[in-house]
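S.K.:
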Amino acid sequence: FSKIAFVTAAVAASSVLAASNHKIQFVNRCGGAATMQLPGRGIFGPGTYTFNGDVSAGIAQACADINGQGCTSVEFTLVDGVSSADITLIPPHKFNHPATFNLNHGVVGATCDNPNCGPINAFYKTDDYTAQRQVIGPGSSIYIQFC
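Per the working numbering, the sequence shown starts with residue 3, numbered consecutively.
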């Protein structure tokens, strides 16, 4: 076993051990379809999930369209650096149900309970940055609820 191989193996092992778990709690009180799309991980219904490693570019909505078209949607990324989330009503998304989310057990969050809740609580256009919420650190989590 060469020194280079040992160092490479040690670095690889430490990266695997360093990955944090990220918890997602997805609740639909509206009735009807609700989906959460997590690229590279799959499509999920309401429930509580824990993932080892980053969860990037997730989107959840209380409608049948997995991309949230025509629906109020929550977009989020959970990583060990800066995790963020927002409610989007940017077309083709539109208000169909109230939505709320909280990052890290309520540290920050937003609620959109009507079509005019933005730009403080929802994106209507791509530069409505006041609607975005962020937390810093490993092991971030999100609670998402519709209705």
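Ideal Cβ placement from N, Cα and C applies to all residues, glycine included.
Take Gln63 and list the residues in its own chain whose beta-carbon comes closer than 6 Å to its own, dropping the five residues that flank it on each side.
M.R.: Counting only Cβ-Cβ distances below 6 Å, and skipping sequence neighbours, we find Gly70, Cys73, Ser75.
S.K.: Quick check: what's the CA-CA separation for Ser4 versus Arg43?
M.R.: With a pLDDT of 39 at Ser4, under the threshold of 50, the modelled position of that residue is not reliable, and no figure is offered here.
S.K.: Name the DSSP bridge partner or partners of Tyr145?
M.R.: DSSP lists Gln27, Asn104 as partners of Tyr145.
S.K.: Return the bridge partner residues of Gly60 from the DSSP annotation.
M.R.: Looking at the DSSP assignment, Gly60 forms a beta bridge with Phe78.
S.K.: Under a three-way DSSP split, which group does Val18 fall into?
M.R.: Note on Val18: pLDDT 46, under 50, position unreliable in the model; the coordinate value appears next. Val18 falls in the helix class under three-state DSSP.
S.K.: Check each candidate in Asn98, Ile92, Gln136 and name the one with the smallest Cα separation from Thr106.
M.R.: Before going on, a small fix: residue 106 reads as Asn here, not Thr. If we check each option's Cα against that of Asn106, Gln136 comes out closest.
S.K.: With DSSP collapsed to three states, give me the class of Thr128.
M.R.: Residue state, collapsed to three classes: coil.
S.K.: Kindly list the residues whose CB is nearer than 6 Å to the CB of Met38, restricted to its own chain and excluding five residues on each side of it in sequence; keep chain order.
M.R.: Within the same chain, Met38 has close Cβ partners Phe28, Phe46, Ala62.
S.K.: In chain order, what residues of the same chain lie with their CB nearer than 6 Å to the CB of Val81, ignoring the 5 residues before and after it?
M.R.: Result list for Val81: Asp56, in chain order.
S.K.: Starting from Asn123, trace the beta strand (DSSP E) in both directions and tell me its first and last residue.
M.R.: Note, Asn123: premise wrong, no beta strand (DSSP E); not H, not E.
S.K.: Exposed or buried, what is Asn116 when buried is set at 16 or more other beta-carbons lying within 10 Å of its beta-carbon?
M.R.: The residue is exposed, with fewer than 16 neighbouring Cβ atoms inside 10 Å.
S.K.: Round the Cβ separation of Ile89 and Lys127 to the nearest angstrom and send it over; I've been treating them as touching at under 8 Å.
M.R.: 13 Å between Cβ atoms; not a contact.
S.K.: Helix, strand or coil for Ala66? Go by DSSP, reduced to three states.
M.R.: In the structure shown, Ala66 sits in coil (DSSP, three-state: anything other than H, G, I, E or B).
S.K.: Spatial neighbours of Asn104 within its chain, please: C-beta separation below 8 Å, excluding the five flanking residues on both sides.
M.R.: Once the five neighbours on either side are set aside, the close Cβ partners of Asn104 are Val110, Gly111, Ile144, Tyr145.
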